[in-house]
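Presented below is the structure to which this report refers.
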Amino acid sequence: MEDFTLSAELDQMRSEYATLKKKLDEQEIINSKLIVNSVKTKVDSLDRHERFEYVACAFAALLSPVYHYTFNASWWFCLGTVVLMFFCGYKTWLEHRNVKAYDVRSKDMLSVAKNVRKLRQDYTNWLNVALPLLVVWLGWLFAELMMNNDDKKFVILMAGSIICGLLIGGSIGLSMRRKVIRTCDEIIAQIEEN
Amino acid sequence: MQNKEQLFTEIVNGHKRTIYTVCYMFSNDTAEIEDLFQEILIKMWSGFDTFRGDSDINTWIWRVSLNTCLNFDRKKRRGGERVGLSVDINPYTDTDDDALQIKQLHKRINQLGFVDRSIILLWLENMSYDEIGAIVGISAKNVSVKLVRIKERLKQM
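Those protein sequence lines, which keep their order, are chains R and Z. Just so you know, numbering that gives the first Met the number 0 puts 74 at position 75 of the first sequence, and the rest follows in order with no gaps. Just so you know, numbering that gives the first Met the number 0 puts 79 at position 80 of the second sequence, and the rest follows in order with no gaps.
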């Protein structure tokens with residue numbers, strides 16, 4: 000191995016680094032109680048966000064009988080919705096589990112970057128899975144709506160509500176997806192800028 | 000629980016300089032440094048139970064700190080809940096010779112890419128090539144090659 004240490008620039012860096020360490024050592028940086036309080040608050044907040052995502056999926060699954068009672072959708076459709084929601088929850092957990100916590104605490108930096116790339120790829124490809132599923136589910140939903148209801152006004156009202164909900168939910172979902180992909184790009188760019 | 004908190008606080012107090020060094024070397028914005036510091040503590044706290052001393056605590060803290068810097072989600076920290084840690088120092092705002100030296104170090108290091116920056120920081124911490132390789136995810140031989148390239152780049156600055 001080549002000797003890395005014989006360099007004036009590096010000697011200077013060592014001296015500058017020693018100055019930084021000295022300066023940091025001299026200061027009382029943080030209050031011990033604040034450390035624990037701050038960490039607990041943030042962890043609780045992150046846990047809340049994570050729980051919210053799973054609760055949202057479970058809530059949507061539990062609400063599926065509403066389709067039966069509001070527009071006579073079949074129980075098969077309700078069951079299909081429940082399965083879809085569980086699949087979405089599982090897929091989200093699968094995509095995030097590596098990047099979120101375990102990697103950062105136990106893996107080396109390049110492995111973390113590799114998992115971020117994987118997360119980005121999963122998010123990019125997610126529409127390939129989600130769009131066909133959504134088309135099938137919507138087709139099924141509209142078929143159930145039209146076949147089981149004779150009142151045209153009611154059908155139009157329900158279809159309008161579903162489309163509105165779809166547009167709002169879809170734009171929120173797409174915006175979140177874009178944010179995750181952008182963040183992944185930033186991380187990958189940091190790694191690849193060498 | 001009380002013991003865990005006490006032990007965690009002791010560890011953080013014992014290694015706060017390491018964590019701050021990483022934060023300062025990856026940012027020169029006081030608010031961002033606070034956020035980064037907080038984020039590193041969160042990752043340490045949440046991994047504290049699973050850390051069983053398989054590796055040296057110092058190596059673990061470096062690993063968590065560098066990975067957190069790499070993974071730091073700007074949007075999350077801006078929108079997230081924050082509890083101020085009352086960081087009273089910022090070496091960059093001082094005007095004495097020491098501050099100028101630290102600024103110079105920051106400037107040099109920040110001209111390097113993320114991996115090179117991490118490698119040079121670990122080298123400045125007097126870590127062995129094996130330890131650096133384990134944290135970054137490359138072989139000791141590769142660390143040596145990268146350090147030589149970093150030296151060349153530093154000469155050109």
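Backbone N, C-alpha and C fix where the C-beta goes; we use that ideal spot for every residue, glycine too.
Alpha carbon to alpha carbon, what distance is there between residue j and residue i?
| i | j | result |
| --- | --- | --- |
| L69 (chain Z) | A57 (chain R) | 33 Å |
| V179 (chain R) | L83 (chain R) | 22 Å |
| T29 (chain Z) | Q100 (chain Z) | 18 Å |
| W75 (chain R) | W125 (chain R) | 25 Å |
| L198 (chain R) | A60 (chain R) | Here chain R covers residues 0 to 193 and nothing more, so residue 198 (chain R) does not appear. |
| M156 (chain Z) | L111 (chain Z) | 10 Å |
| R177 (chain R) | A55 (chain R) | 20 Å |
| I227 (chain Z) | V11 (chain Z) | Residue 227 (chain Z) is absent from the structure shown; chain Z starts at 0 and stops at 156. |
| L45 (chain R) | E151 (chain Z) | Because the pLDDT of L45 (chain R) is 48, which lies under 50, any placement of that residue in the model is unreliable, and the number read from its coordinates should be weighed accordingly. Distance between the alpha carbons of L45 (chain R) and E151 (chain Z): 43 Å. |
| G169 (chain R) | D48 (chain Z) | 39 Å |
| C150 (chain R) | P64 (chain R) | Before going further, note that residue 150 (chain R) is Asp rather than Cys in the sequence given. The straight-line gap from Cα to Cα measures roughly 21 Å. |
| I149 (chain Z) | G46 (chain Z) | 32 Å |
| W59 (chain Z) | M108 (chain R) | 12 Å |
| E31 (chain Z) | Q5 (chain Z) | 27 Å |
| T91 (chain R) | G136 (chain Z) | 27 Å |
| V128 (chain R) | I39 (chain Z) | 35 Å |
| F7 (chain Z) | D55 (chain Z) | 15 Å |
Can you give me the Cβ contacts of residue i inside the same chain, cut-off strictly under 8 Å, excluding the 5 residues immediately before and after it?
| i | result |
| --- | --- |
| I187 (chain R) | A112, V115, R116 and R119 |
| Y66 (chain R) | A72, F76, C77, T80, L140 and E143 |
| V63 (chain Z) | I39, K42, M43 and G46 |
With a threshold of 6 Å (Cβ to nearest heavy atom), would residue i be considered close to the ligand NAP?
| i | result |
| --- | --- |
| L140 (chain R) | This structure simply doesn't include the ligand NAP, nor any ligand for that matter. |
Which same chain residues, not among the five before or five after residue i, have their C-beta less than 7 Å away from its C-beta?
| i | result |
| --- | --- |
| D129 (chain Z) | A139 |
| D97 (chain Z) | none |
With a threshold of 6 Å on Cβ separation, who are the neighbours of residue i within its own chain once the five nearest residues in sequence on each side are excluded?
| i | result |
| --- | --- |
| F70 (chain R) | L144, N148 and M157 |
Does the pairing of the stretch 79-91 of chain R with the stretch 132-140 of chain R give three or more beta-carbon distances under 8 Å?
Output reads yes: the stretch 132-140 of chain R touches the stretch 79-91 of chain R.
Per the contact definition of three or more C-beta pairs closer than 8 Å, is the stretch 10-17 of chain R in contact with the stretch 112-128 of chain Z?
yes
Are the stretch 7-25 of chain Z and the stretch 100-118 of chain Z touching by the rule of at least three beta carbon pairs closer than 8 Å?
yes
With 9 Å as the limit, tell me which residues of the stretch 121-134 of chain Z have their beta carbon closer than that to any beta carbon of chain R; keep them in chain order.
When CB distances to chain R are screened at a threshold of 9 Å, the residues of the stretch 121-134 of chain Z falling below it are W122, L123, E124, Y128, G132, A133 and I134, in chain order.
Taking one C-beta from the stretch 9-20 of chain Z and one from the stretch 160-170 of chain R each time, how about it: are there three or more such pairs within less than 8 Å?
no
Check whether the stretch 108-124 of chain R touches the stretch 169-184 of chain R, taking contact to mean three or more Cβ pairs, one atom from each stretch, closer than 8 Å.
yes
Closer than 8 Å between beta carbons: that is the criterion. Which residues of the stretch 2-33 of chain Z meet it against chain R?
Within the stretch 2-33 of chain Z, the qualifying residues are E4, F7, T8, V11, N12, K15, R16, Y19, T20 and Y23.
Determine which residues of the stretch 110-136 of chain R have a Cβ less than 8 Å from any Cβ of chain Z, and write them out in chain order.
The residues in question are S110, V111, A112 and V115.
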